[in-house]
Amino acid sequence: MPDLSLLSFLAIALVTLGASAAAITRRNIIHSALLLVAGWAGIAAYYLWAGAEFVAFAQILVYVGAVSMIVLFAVLLTRLGPGDTAPAPDAFQRAAAALVAGGACFVALAGAILTSPLDLPAAARPPAVAAAPAINVREIGLALMEPAHAAALLVIGILLTVALIGAIVIASIDRREADHSGEAAS
Amino acid sequence: MTAHESFLDSWPAEKYAALLDLIPAQYAWLRWLVSALVAIALILAVFGLLFAFTTVTERKLLGRFQNRPGPNRVRILGIRAFGFFQPFADAVKALTKEDIVPAAADKILHFLAPAGAVFFTLLGFAVIPYGRHLTPLDLDAGVLYFFAAGAASELVIFMAGWSGRNKYSLLSAMRALAQLISFELPLLLVVVPVVLAAGTLGTSAIVTAQGGWSLGGLIPHWNVLTPWGLAGFVIFVIAALAETNRCPFDLPEGESEIIAGHLTEYSGFKYALFFMGEYFGIIGLCGLGVTLFLGGWQAPCAFLQFIPSYLWFGLKLVAFILFFIWIRATLLRLRIDQLTRLAWKLLVPLGLVNLGVAAFWMLTASWDGPVLLAVRWLAGLALILIPYVLLGRSLGAGLGPRDYRYAQ
Chain E
53 MPDLSLLSFL AIALVTLGAS AAAITRRNII HSALLLVAGW AGIAAYYLWA GAEFVAFAQI
113 LVYVGAVSMI VLFAVLLTRL GPGDTAPAPD AFQRAAAALV AGGACFVALA GAILTSPLDL
173 PAAARPPAVA AAPAINVREI GLALMEPAHA AALLVIGILL TVALIGAIVI ASIDRREADH
233 SGEAAS
Chain L
579 MTAHESFLDS WPAEKYAALL DLIPAQYAWL RWLVSALVAI ALILAVFGLL FAFTTVTERK
639 LLGRFQNRPG PNRVRILGIR AFGFFQPFAD AVKALTKEDI VPAAADKILH FLAPAGAVFF
699 TLLGFAVIPY GRHLTPLDLD AGVLYFFAAG AASELVIFMA GWSGRNKYSL LSAMRALAQL
759 ISFELPLLLV VVPVVLAAGT LGTSAIVTAQ GGWSLGGLIP HWNVLTPWGL AGFVIFVIAA
819 LAETNRCPFD LPEGESEIIA GHLTEYSGFK YALFFMGEYF GIIGLCGLGV TLFLGGWQAP
879 CAFLQFIPSY LWFGLKLVAF ILFFIWIRAT LLRLRIDQLT RLAWKLLVPL GLVNLGVAAF
939 WMLTASWDGP VLLAVRWLAG LALILIPYVL LGRSLGAGLG PRDYRYAQ
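So the protein lines, in turn, are chains E and L.
Okay, so the first sequence: first residue is 53 according to the working numbering, each after it adds one.
Okay, so the second sequence: first residue is 579 according to the working numbering, each after it adds one.
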């Protein structure tokens, strides 16, 4: 019997890579955005496969739920018209710029991945599909509260709360004085 | 707790486990598969029927609220049953209607959107604890899973609105997205204290944490009976109404302005699927509300435990849904700017304040005795009520009653 775990990993990898590749090649930018979302969902499926339940759900909640909305809003707000497509990809400058940016990203990520320690004991290998996660959420939370990570966690928490309060403040600046005659009566 | 467990609770669970044990132990995957399929079939059957009877109950209740009988004609084999066979007639009608796809539509997305609408809302049902032994998928991060599954419903609305190549659909989809994103924040913010109090993200553990009674088994330890729980529950209900596009927040299909919103270009069974997805969304979110705030399957009083836990859950769920129908019959639809203002200026700040109230409640957990308990309760309530009154006053200042001027 073939290794079920390996097969499902290959399927997940294929879906993720396929969706990402299709996202790059589509001329319809809405399709690209939706395929990109499918790619993110594939990454979440990979986390689930690897037993990182919490990270998988967080990935879906943040990327598929929230970041996708930002992408779609940006696309819709900047689109010129229904027949509007991107300029021809054969422009040399564009290709060179894309290669440089993509290559730099790849080098940075590859460097980070290669230099980070990854000494999993054999027992802690990714379990098969649908097995219980190796670590539960409570342990993740406690680990984040340890001195090694607490500062980063606090900074991120403060940053996000400030962003949220900032959004409220921006929303609450009323233009009531400016257009008092118009819609201000609500 | 097994001492007080109802016979009707333990007996089916034991029999089911015994039946599963008939499968030899070396086929563990078969056991897993069978139990998963049984859970899926049960959820589809029970909540499919609940969906069907919710629609007819809603139509009949709206009728009564408006002083008319509502649907009462459908009969099967000469039995009229007050019109409660209506959903079956509706299903036949939806299935036999012509399926119209606009010529300029994006065919794939147009097809995928209704399927996704049902699929993603059904996913959330997996983690809701329906009874003492009835949690289909008891995930360690169950609450997070529920919201992750629901996150995709925004994408579905966008796909539906965009694929039809209809400007009203697209406008409404953008409006719906703004609404869903705005109300997701307060919804998640009020869930946080519940998770804090229970110390876990698992749904069945949250229900277990609300077990027990005070005053000789009369007052349950449900989250809604704490100051932060009460405030959180009110915010949760408002945000849930908005998340499920229910009146008074049913702007995405505001028929007076944008035809039927993202549903404009849908007909026949695809429209019915959206309808189904919407009701599944309501039932799922109500179920989560029951789980988080109303004690899930716990009985309200200790001596009522002889009634099986799943009946308690069902009762609370149905009461919750009926409350949503009542709201729909009573309130008017808001405007989009009023809607987002409500979310960002009132509910989100109150949700943040509520976190502080929850922290106060947990830090004073050692306060004992009736006097201290009353002080603790009142102080907690004041901590949330005073900001509410202040915020409400400052937001409502100068907006007073509107005097209408007609054309002269």
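Every residue gets a Cβ at the ideal spot worked out from N, C-alpha and C, and that includes glycine.
Source: prediction; values computed, not measured.
Using the beta-carbon of each residue, which ones in chain L are nearer than 7 Å to residue 112 of chain E?
If you number the first sequence from 1, residue 112 of chain E lands on position 60. Result: 726, 729.
Would you mind reading off the limits of the alpha helix (DSSP H) that contains residue 630 of chain L?
The residue you call residue 630 of chain L lines up with position 52 of the second sequence. 606-643 is the span of the alpha helix (DSSP H), which, as asked, contains residue 630 of chain L.
Tell me whether residue 791 of chain L sits in a helix, a strand or coil according to DSSP, three-state version.
Looking up residue 791 of chain L in the second sequence gives position 213. The answer is strand: DSSP assigns residue 791 of chain L an E or B state.
Measure from the alpha carbon of residue 643 of chain L to the alpha carbon of each residue in L/732, L/856, L/666, L/900, then state which is nearest.
Counted from its first residue, the second sequence places residue 643 of chain L at position 65. The shortest Cα separation from residue 643 of chain L among L/732, L/856, L/666, L/900 belongs to L/900.
Okay, do the region 908-918 of chain L and the region 752-762 of chain L touch, 3+ Cβ pairs below 8 Å being the bar?
yes
Does the region 865-874 of chain L come into contact with the region 833-841 of chain L, if we say contact requires no fewer than three beta-carbon pairs (one atom in each stretch) closer than 8 Å?
no
So which residues of chain L does residue 89 of chain E contact, with C-beta pairs closer than 7 Å?
In the first sequence, counting from the first residue as 1, residue 89 of chain E sits at position 37. Within 7 Å Cβ-Cβ: 733.
Run through chain L and tell me which residues come within less than 8 Å of residue 219 of chain E, C-beta to C-beta.
In the first sequence, residue 219 of chain E corresponds to position 167, counting from 1. Under the 8 Å cutoff, chain L gives 922.
Beta carbon of residue 98 of chain E, beta carbon of residue 65 of chain E: below 9 Å?
Against the first sequence, residue 98 of chain E aligns to sequence position 46. Against the first sequence, residue 65 of chain E aligns to sequence position 13. Their beta carbons are under 9 Å apart, which means residue 98 of chain E touches residue 65 of chain E by this criterion.
Would a check of beta-carbon distances place residue 736 of chain L closer than 9 Å to chain E?
Taking the first residue of the second sequence as 1, we reach residue 736 of chain L at position 158. Judged by the 9 Å Cβ criterion, residue 736 of chain L is in contact with chain E.
For residue 734 of chain L, is the beta carbon positioned less than 8 Å from some heavy atom of the ligand FAD?
By its list of ligands, the structure shown contains no ligand whatsoever, and the ligand FAD lies outside what it can speak to.
Can you tell me whether DSSP reads residue 654 of chain L as helix, strand or coil?
Position 76 of the second sequence, counting from 1, holds the residue named residue 654 of chain L. Correct three-state label for residue 654 of chain L: strand.
Which residue wins for smallest C-alpha separation from residue 720 of chain L, given the options E/189, E/212, E/125, E/71?
Locating residue 720 of chain L in the second sequence gives position 142, counting from the first residue. The candidate whose alpha carbon is nearest that of residue 720 of chain L is E/189.
Below 6 Å CB to CB, which residues in the same chain sit around residue 182 of chain E once its five sequence neighbours on both sides are set aside?
Reading the first sequence from its first residue, position 130 is the one you call residue 182 of chain E. With a pLDDT of only 43 at residue 182 of chain E, under 50, the local geometry of the prediction cannot be trusted, and the value read off the model is given with reservation. Taken in chain order, the list of residues that qualify is empty.
Going by beta carbon distance, what residues of the same chain come within less than 6 Å of residue 814 of chain L, once the five residues before and after it are set aside?
On the second sequence, residue 814 of chain L is found 236 positions in, with the first residue counted as 1. For residue 814 of chain L, where only same-chain residues beyond five positions count, the Cβ hits under 6 Å are 768, 867.
Quick one: does residue 61 of chain E have its CB under 9 Å from some CB of chain L?
For the purposes of this step, residue 61 of chain E is identified with residue 9 of the first sequence, where counting begins at 1. It does not: the Cβ of residue 61 of chain E has no partner Cβ on chain L nearer than 9 Å.
Just checking: is the beta-carbon of residue 759 of chain L within a distance shorter than 9 Å of some beta-carbon in chain E?
The residue given as residue 759 of chain L occupies position 181 in the second sequence. Closer than 9 Å: yes.
Taking only beta carbons into account, state which residues of the region 711-725 of chain L come closer than 7 Å to chain E, listed in chain order.
Using a CB distance below 7 Å, the part of the region 711-725 of chain L facing chain E consists of 717, 718, 719, 722, 723, 725, ordered along the chain.
Helix, strand or coil, according to DSSP, for residue 798 of chain L in the structure here?
Taking the second sequence and counting its residues from 1, the one referred to as residue 798 of chain L is at position 220. Residue 798 of chain L: strand per DSSP, three-state reduction.
Express the C-alpha separation of residue 584 of chain L and residue 184 of chain E in angstroms, rounding to a whole number.
If you number the first sequence from 1, residue 184 of chain E lands on position 132. If you number the second sequence from 1, residue 584 of chain L lands on position 6. Any answer about residue 184 of chain E is weak, because its pLDDT of 49 lies below 50 and its placement is not dependable; what the coordinates show is given next. Rounded to the nearest angstrom, the two C-alpha atoms are 30 Å apart.
Could you have a look at residue 714 of chain L and say whether DSSP puts it in helix, strand or coil?
Counting from one through the second sequence, the residue named residue 714 of chain L turns up at place 136. Note: residue 714 of chain L maps to coil in three-state DSSP.
Using a Cβ-Cβ cut-off of 6 Å (strictly less than) and excluding sequence neighbours within five positions of residue 662 of chain L, which residues of its own chain qualify?
In the second sequence, the residue the question calls residue 662 of chain L occupies position 84. The residues are 634.
Which complete alpha helix (DSSP H) runs does the region 934-982 of chain L hold, if anything under 4 residues is left out?
948-974
Tell me which residues share the same chain as residue 782 of chain L and place their Cβ nearer than 7 Å to its Cβ, disregarding the 5 neighbours each side in the sequence.
Reading the second sequence from its first residue, position 204 is the one you call residue 782 of chain L. Cβ neighbours of residue 782 of chain L beyond the five flanking positions: 707, 713, 716.
When the Cβ atoms of the region 690-703 of chain L are set against those of the region 844-857 of chain L, are three or more pairs found closer than 8 Å?
yes
Out of curiosity, what's the CA-to-CA distance linking residue 688 of chain L and residue 763 of chain L?
Reading the second sequence from its first residue, position 110 is the one you call residue 688 of chain L. Reading the second sequence from its first residue, position 185 is the one you call residue 763 of chain L. Straight-line Cα distance between these residues: approximately 29 Å.
Taking a contact to mean a Cβ-Cβ separation below 9 Å, would you say residue 846 of chain L touches residue 117 of chain E in this structure?
Counting from 1 along the second sequence, the entry for residue 846 of chain L is found at position 268. Counting from 1 along the first sequence, the entry for residue 117 of chain E is found at position 65. No, the pair does not count as a contact, with Cβ atoms beyond the cut-off.
Can you pull the chain L neighbours of residue 144 of chain E, defined as C-beta to C-beta under 9 Å?
Counting from one through the first sequence, the residue named residue 144 of chain E turns up at place 92. Result: empty, since nearest Cβ-Cβ is about 33 Å, beyond 9 Å.
Helix, strand or coil: which one does DSSP assign to residue 107 of chain E?
In the first sequence, counting from the first residue as 1, residue 107 of chain E sits at position 55. Reduced to three states, the DSSP call for residue 107 of chain E is helix.
Report the three-state DSSP secondary structure of residue 1017 of chain L (helix, strand or coil).
Beyond the ends of chain L as shown, which are 579 and 986, falls residue 1017 of chain L; an answer cannot be given.
Do residue 779 of chain L and residue 722 of chain L come within 9 Å of each other at the CB atom, strictly closer than that value?
As a first step, residue 722 of chain L is located in the second sequence; it is residue number 144 there, counting from the start. As a first step, residue 779 of chain L is located in the second sequence; it is residue number 201 there, counting from the start. Contact flag set, yes.
Residue 623 of chain L: buried (16+ other C-beta within 10 angstroms of its C-beta) or exposed?
On the second sequence, position 45 is the one that residue 623 of chain L refers to. Counting Cβ neighbours within 10 Å, residue 623 of chain L comes out exposed, since fewer than 16 surround it.
Assuming contact is defined by CB atoms lying nearer than 9 Å, are residue 709 of chain L and residue 887 of chain L in contact in what I supplied?
Counting from 1 along the second sequence, the entry for residue 709 of chain L is found at position 131. Counting from 1 along the second sequence, the entry for residue 887 of chain L is found at position 309. In contact: residue 709 of chain L and residue 887 of chain L (Cβ atoms closer than 9 Å).
Can you give me the C-alpha to C-alpha distance between residue 62 of chain E and residue 614 of chain L, rounded to a whole angstrom?
Counted from its first residue, the first sequence places residue 62 of chain E at position 10. Counted from its first residue, the second sequence places residue 614 of chain L at position 36. Going from the Cα of residue 62 of chain E to the Cα of residue 614 of chain L covers about 24 Å.
So, at 8 Å on beta carbons, what are the nonlocal neighbours of residue 926 of chain L in its own chain, with the 5 sequence-adjacent residues on each side left out?
Here the question's residue 926 of chain L lines up with position 348 in the second sequence. The answer, listed in chain order, is 763, 764, 767.
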